[in-house]
Each structure stands twice: as structure tokens, then as C-alpha cells.
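In full-length UniProt numbering, the protein residues as written are 1 to 256.
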């Protein structure tokens, strides 16, 4: 069964678009013919209980997992056929720390820049800009083991921006952070959006989704069961808050 379209945006307006996206594993449907369209410059959220299909959807967006059916376009490129080209203008903040522990903060950024062909003065300038953006300039010679969890997450965000991407995909970017560090990340993400960057977020924090996202899709059992702005969803379902909407639609709390 194909889910209803979740946005009225015309195809040419979408920076990332999925039509009838399907993925199965061992005969089990993980992503069930979903339709999504993310508009340029918006902060878009994917919410769902564990096993709902969020991570698989992100992996298909990145070209890491091929869909079994449907069409997927990211930054104007068909994916997975031209995923490599799309990734040149993508930034990714994974859920788990994959920084190089043998390098300093500065070296992690400088080395990563090489993957995108940045060199010479441009490379040095970009690294310096991102150290300032992430508030890590004074920690640039520190080893990864010397950083707090919040500092590591800021460094991972800075690394994802090394190629000045049009689209940034964030898989639970503030997991494990204390409230102060989480708010610091939120400020940086909103600053990115003000610069025109499009962001796609998965999160286990309802407040994060409500504070950051212009629109969000709630996914359950591989299907999109609702899509809209947090406030519109709250009003539509006559709920007191987004968490109540989520529980009503999925039967789970977000962190289940």
C-alpha cells in the first residue's frame, strides 16, 4: 500500500525527494513505499520509534543502501546511480563518533578536506573558519581523547561542513550530550539554516524536533503516518504537544 504524499511541493522545488521508496530485508518490509520531499533551506525532521525505518531511509538518501523500488533524487541527482556526485555537496553527521583518534582537532578537519579536493590556502582558510564556527579554535591542537562529548559532536558537525554542503544530514546529532552542550549544537544548526543550508534530522529528543524543525515526518512501521510543521500536527490532532501526537500515531514514546 502506497502512503499518501506528504507535501504539495512540486518536484523541481525539492532538494531531496523520494517517490514510492521501498526497502525489504529477508522478506520483511522496512521502508514501505514512502513519499517525501524536502524543500531548499528548510529544517526537516524524521521521527519514529526504533525500527520504524528512519536509518534505512537515511542510508538510501546517502546512496549507501539501494532501494528495492521507487525513485530517489538528491540535489538533482538520481540516487543511488549518481550518489557519488550527490555526496560532493552533502554533509553527514553520523550518530556515532568516527573521528580519527590519532589526529588532533585541526588534523581531523585538514585531512578530511583532502577528500573534497580542497588544497593550499583555501584548505587552510576553510579549516580555520570551521574551528571558529565550532568554538574549537583554542582546542585545535588537542587529541580527540582530550575532548568532551559535546566538543566531539561539534567537531563532527564542523567536519561535515568542510565542503560547504547544500544539504546536511544529521543522525541524532546531540545524543549523549548534557543540556548545555545540546543547546550549543542547536544554535549552530539554526545558524547554518540562516545561511541557506538545508538540514535533515533524526532525533530521539522531542524538544529538539519541536525547537528545530520547520516540518517533520513521523514514520511508523516503514510508513509516513503524518507530515507537517510541529504546530500544525499538534493542532490537527488536538494534542497538547508533539509528544502526545507521536504517541497517538505510533503507540510508542519517541525513545522506545
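Ideal Cβ positions, reconstructed from N, Cα and C, are used throughout, including at glycine.
Exercise. The alpha helix (DSSP H) spanning residue 246 covers which residue range?
Worked result: What you label residue 246 is simply residue 246 of the chain shown in a count that begins at 1. Residues 242 to 250.
Problem set entry | Under 7 Å between C-beta atoms of residue 34 and residue 198 | Residue numbering aside, residue 34 sits at position 34 when the chain shown is read from its first letter. Residue numbering aside, residue 198 sits at position 198 when the chain shown is read from its first letter. Against a cut-off of 7 Å, the Cβ pair of residue 198 and residue 34 comes out as no contact.
Exercise. With 16 other CB atoms within 10 Å as the buried threshold, where does residue 194 fall?
Worked result: For the purposes of this step, residue 194 is taken as residue 194 along the chain shown, with counting starting at 1. By the neighbour-count rule (16 or more Cβ atoms within 10 Å), residue 194 is not buried but exposed.
Exercise. Rounded to a whole number of angstroms, what is the C-alpha to C-alpha distance between residue 232 and residue 47?
Worked result: In the chain shown, the residue the question calls residue 232 occupies position 232. In the chain shown, the residue the question calls residue 47 occupies position 47. Those two C-alpha atoms are separated by around 15 Å.
Problem set entry | Residues of its chain near residue 205, where Cβ-Cβ distance is below 7 Å and the 5 sequence neighbours each way are ignored | For this step, residue 205 is matched to residue 205 along the chain shown. Contacts found: 174.
For this session: Please go through the same chain and pick out, in chain order, the residues whose beta-carbon is closer than 7 Å to the beta-carbon of residue 241, but skip the five residues on each side of it.
Result: Your numbering for residue 241 matches position 241 in the chain shown. Hits under 7 Å: 234.
For this session: Let me know the beta strand (DSSP E) ranges lying completely inside the stretch 94 to 173, each 3 residues or longer, listed in chain order.
Result: 167 to 171
Exercise. Within 10 angstroms of its Cβ, does residue 98 collect 16 or more other Cβ (buried), or is it exposed?
Worked result: As a first step, residue 98 is located in the chain shown; it is residue number 98 there, counting from the start. That one is exposed.
Exercise. Helix, strand or coil: which one does DSSP assign to residue 67?
Worked result: Residue numbering aside, residue 67 sits at position 67 when the chain shown is read from its first letter. Here residue 67 sits in coil by DSSP.
Exercise. The alpha helix (DSSP H) with residue 57 in it runs from where to where?
Worked result: Within the chain shown, the letter at position 57 stands for residue 57. Segment 54 to 61, the alpha helix (DSSP H) holding residue 57.
For this session: Ignore the nearest five residues each way along the sequence and tell me which others in residue 4's own chain have a CB closer than 7 Å to its CB.
Result: By 1-based counting over the chain shown, the position of residue 4 is 4. Residue placement at residue 4 cannot be trusted, given a pLDDT of 37 that sits under 50; the coordinates are not used to answer.
Exercise. Are at least three pairs of beta-carbons, each pair with one atom in the stretch 39 to 59 and one in the stretch 123 to 135, less than 8 Å apart?
Worked result: no
Exercise. Quick one: what does DSSP say residue 199 is sitting in, helix, strand or coil?
Worked result: Residue mapping note: residue 199 aligns to position 199 of the chain shown, counting from 1. Strand at residue 199.
Exercise. Of the choices 156, 150, 161, 85, whose alpha-carbon is the least far from that of residue 181?
Worked result: As a position in the chain shown, residue 181 is number 181, starting the count at 1. Selected option, being the one with the closest Cα: 150.
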